[in-house]
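Visitor:
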Amino acid sequence: AADGQIVDRHYFDQQRDDSRYFQPNEFLPETAQGPWFDLYAMALHSFGEEQPIYAFAYDDALGQDGTLHDPNPLNISKATVTICDLTGTEIPHPFDDDRIYSVQILIGDGSSLIYQGQALKTGDTLDNVTIPMEVVFNGIPAKIYLDPQMVIPNFKAADGIVIELQNDTSATVIFPGLPKK
38 AADGQIVDRH YFDQQRDDSR YFQPNEFLPE TAQGPWFDLY AMALHSFGEE
88 QPIYAFAYDD ALGQDGTLHD PNPLNISKAT VTICDLTGTE IPHPFDDDRI
138 YSVQILIGDG SSLIYQGQAL KTGDTLDNVT IPMEVVFNGI PAKIYLDPQM
188 VIPNFKAADG IVIELQNDTS ATVIFPGLPK K
């Protein structure tokens, strides 16, 4: 938004009316791959001008939630989403990473981490790591993806795992410590 712009519901409505949503980010370098927006959300938002469909919780700028509802519940209908030709659209494939990484491990107090059957300690560096990096963190098996950063499955302690990609083949993974009792 421009300096001094009041960011209110009118502002967001105007952005939608001017078709400013789901556009390439002019601030990213030309070499950046994209799109840098959610294609599924774009498809859902294309329905209805009065009340676009709500795509996800973080999409609710200033309470404009357009929750999908059928105003006639006795006449149930269906919605079909067809995503058009994506030729030329770079779509990330987080599960297809064939790079070999060097990974520095940092482990918080009281936590345990096992990789390929061996207990690790903070400061260890692992070479020749393939993706997914399969670990057992505090007794829970997890798969670590470095680019983009993901931990699968999602579990409470996974929220604290921090993945810092240093370059194309080097990363630091920080595993949180256990809470003090």
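Residue numbers (my numbering): 38 to 218.
Beta carbons are placed, not taken as given, at the ideal position from N, Cα and C, and that holds for glycine.
1. Look at the alpha carbon of Asn112 and the alpha carbon of Phe192, and state the distance between them as a whole number of angstroms.
2. Assuming Ile211 contacts Ile198 under a Cβ cut-off of 8 Å, what Cβ separation, rounded to an integer in Å, is found between them?
3. Which runs of the alpha helix (DSSP H), 4 residues or longer, sit entirely within the segment 163–206?
4. Roughly how many angstroms lie between the CA atoms of Pro216 and Gln141, to the nearest whole one?
5. Kindly indicate which three-state DSSP category Gln51 falls into: helix, strand or coil?
6. Is Phe174 buried or exposed, if buried means 16 or more other CB atoms sit within 10 Å of its CB?
7. When you compare only the Cα positions, how much space is there between Thr167 and Thr126?
8. Using a 10 Å radius around the Cβ and a threshold of 16 neighbouring Cβ atoms, would you call Tyr48 buried or exposed?
9. Asp134 and Tyr58 - do their beta-carbons sit closer together than 8 Å?
10. The beta strand (DSSP E) with Tyr138 in it runs from where to where?
11. Might you give, ordered along the chain, the residues of its own chain that have their beta carbon closer than 6 Å to the beta carbon of Glu171, omitting 5 neighbours on each side?
12. In whole angstroms, what is the alpha-carbon distance linking Asp50 and Val44?
13. Have a look at Ala195 and Tyr138 and give me their C-alpha separation to the nearest angstrom.
14. Please report the residue range of the beta strand (DSSP E) in which Ile151 lies.
Guide: The structure says:
1. Distance from the CA atom of Asn112 to the CA atom of Phe192, rounded to whole angstroms, is 40 Å.
2. So it is a contact: roughly 7 Å between Cβ atoms.
3. Correct list: empty.
4. Answer to the nearest angstrom: the Cα atoms are 23 Å apart.
5. Residue state, collapsed to three classes: helix.
6. Taking every protein chain shown into account, the CB of Phe174 has 16 or more other CB atoms within 10 angstroms, so this residue is buried.
7. Here the alpha carbon of Thr167 sits roughly 27 Å from the alpha carbon of Thr126.
8. So Tyr48 counts as exposed.
9. In terms of Cβ geometry, Tyr58 and Asp134 do not form a close pair [threshold 8 Å].
10. For Tyr138, the enclosing beta strand (DSSP E) begins and ends at 138–144.
11. Within the same chain, Glu171 has close Cβ partners Lys180.
12. Rounded to the nearest angstrom, the two C-alpha atoms are 10 Å apart.
13. Taking the straight line from one Cα to the other gives about 21 Å.
14. Counting along the chain, the unbroken beta strand (DSSP E) around Ile151 starts and ends at 150–152.
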